[in-house]
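Trainee: In this text, residue positions in the sequence shown follow the working numbering: the first is 5, and each later residue adds one.
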Amino acid sequence: MKKINLPTHIGIILDGNGRWAIKHSLPRLAGHEEGARAIKRMLIASKKFGIKAVSVFAFSTENWKRPKEEVDGIFKILEKQIDENFQDFINGGFKLQISGNLNALETPLKTKIEKLLKESENNTKLIFNVCLNYGGRAEIVDACNKIIKSKVKNVDEKTFESFLQSSNLPPLDFVIRTSGEQRISNFMLWQIAYAELYFPNFFWPQFNEKKLVKCLKEYSKRSRRFGGLTQEKK
5 MKKINLPTHI
15 GIILDGNGRW
25 AIKHSLPRLA
35 GHEEGARAIK
45 RMLIASKKFG
55 IKAVSVFAFS
65 TENWKRPKEE
75 VDGIFKILEK
85 QIDENFQDFI
95 NGGFKLQISG
105 NLNALETPLK
115 TKIEKLLKES
125 ENNTKLIFNV
135 CLNYGGRAEI
145 VDACNKIIKS
155 KVKNVDEKTF
165 ESFLQSSNLP
175 PLDFVIRTSG
185 EQRISNFMLW
195 QIAYAELYFP
205 NFFWPQFNEK
215 KLVKCLKEYS
225 KRSRRFGGLT
235 QEKK
C-alpha cells in the first residue's frame, strides 16, 4: 500500500444497511448494527494505511422521514457503540468531530457524544468526522448566516470555507458510496467539488480492510487534474 497514491481525506456515504439485512432475512435494525461494526473495521484499517481524516454520512436531515422505530433504533445503536468503544477510541488516537446539528438528539446521547468530543480533542492519529443530522445544503446556508452575522464584507472561497464545519479538515479527496447507488444525496456539497467518486456494489455492512484496499487501489488509478493538465502521480 505504501507504493500507491493514497487519499488524505475520505468521505463515505454508508449505504445498504437495510438491503443487507433483508438479503439475510433479518430486521433492518440488524443491518444498522452490522453497519456500526463495519465503521469500527473501517477506522482501524484507515489508520493502519495512514489516512488522516474520514467523514461518514451517518444520519441526514432527511432521514427523520423514516419510521420512528427505525430512527430511535439507529440512535440506540449509536449510543451503544459509544458506550462499548469509548476507551478504545481514545486509546487508538482517534479524534471525533461532528458535522451537523446535535440539538435534535435526546439528551443522554448528546451528552455522550459531547464527552467523547472533549476526551478525544487532542488525539492526532485520525480525525473521524461524523455527519449526524447533517445536510450539505443546510451547512452552506448556516455558513452564509454566520458570515452575515460576522459582518465580513468581502468573501472569497477561502473565507467561505472557514465558516464551514469542516474548516479544519484537509480537502476531501475521495468519496465512496456503497451499495452501487450513484448519488451524492446532499453529502458535503461544497467539499466534494474536486473529489474522486467511487460507487462499489457491495453493501456497507460488508465493509472490511480488504474492501478498503480495493477502494484505495481504485483511487490510485485516478488522474486528478483540478481543471488543468494531467497531474503527475506521487
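Just so you know, even glycine gets a beta-carbon here, dropped at the ideal spot from N, CA and C.
Rounded to whole angstroms, what's the CA-CA distance from Glu-110 to Glu-83? Just pull it up for me.
Mentor: Spanning the two alpha carbons is a distance of roughly 10 Å.
Trainee: Let me know the beta strand (DSSP E) ranges lying completely inside the region 151–196, each 3 residues or longer, listed in chain order.
Mentor: Entirely contained in the region 151–196, the beta strand (DSSP E) runs reaching 3 residues are, in chain order, 178–181.
Trainee: For Leu-193, which residues in the same chain have their Cβ closer than 6 Å to its Cβ, ignoring the five residues on either side in sequence?
Mentor: Excluding sequence neighbours, Leu-193 sits near Gly-140.
Trainee: Can you grab the Cα-Cα spacing for the pair Lys-238 / Ile-8, in whole Å?
Mentor: In this prediction, Lys-238 scores a pLDDT of 44, lower than 50, which makes its location untrustworthy; the coordinate-derived value is nonetheless stated afterwards. The alpha-carbon atoms of Lys-238 and Ile-8 are separated by roughly 8 Å.
Trainee: Could you tell me which residues DSSP pairs with His-13 in its beta bridges?
Mentor: Paired residue(s): Ala-57.
Trainee: Excluding the five sequence neighbours on either side, which residues of its own chain have a C-beta within less than 6 Å of the C-beta of Ile-131, listed in chain order?
Mentor: Here the set comprises Ala-57, Lys-99 and Gln-101.
Trainee: Can you give me the C-alpha to C-alpha distance between Thr-163 and Ala-42, rounded to a whole angstrom?
Mentor: Approximately 36 Å between the Cα atoms of the pair.
Trainee: Are there 16 or more other CB atoms within 10 angstroms of the CB of Tyr-223, so buried, or fewer, so exposed?
Mentor: With 16 or more other Cβ atoms within 10 Å, it is buried.
Trainee: Roughly how many angstroms separate the alpha carbons of Asn-126 and Leu-120, rounded to a whole number?
Mentor: Answer to the nearest angstrom: the Cα atoms are 11 Å apart.
Trainee: Would Ile-16 be called buried (16 or more neighbouring beta carbons within 10 Å of its own) or exposed?
Mentor: The residue is buried, with at least 16 neighbouring Cβ atoms inside 10 Å.
Trainee: Thinking C-beta only, is Thr-182 closer than 8 Å to Gly-20?
Mentor: Yes.
Trainee: Within 10 angstroms of its Cβ, does Trp-24 collect 16 or more other Cβ (buried), or is it exposed?
Mentor: Classification of Trp-24: buried, given that the 10 Å Cβ count is 16 or more.
Trainee: Write down every uninterrupted run of the beta strand (DSSP E) in the region 103–154 whose length is 3 residues or greater and which is fully enclosed by it, in chain order.
Mentor: You should have 130–138.
Trainee: Grab me the residues of Thr-128's own chain with a C-beta within less than 8 Å of its C-beta, minus the 5 sequence neighbours each way, in chain order.
Mentor: Only Gly-97 and Lys-99 meet the Cβ criterion.
Trainee: Would you check if the distance between the CB atom of Tyr-202 and the CB atom of Phe-230 is smaller than 8 Å?
Mentor: Result no, Cβ atoms of Tyr-202 and Phe-230 do not sit closer than 8 Å.
Trainee: Per DSSP, Phe-63 is paired with what?
Mentor: DSSP lists Leu-136 as partners of Phe-63.
Trainee: With burial defined as no fewer than 16 other Cβ atoms inside 10 Å of the residue's Cβ, what is the status of Val-60: buried or exposed?
Mentor: With 16 or more Cβ atoms within 10 Å of its Cβ, Val-60 is classed as buried.
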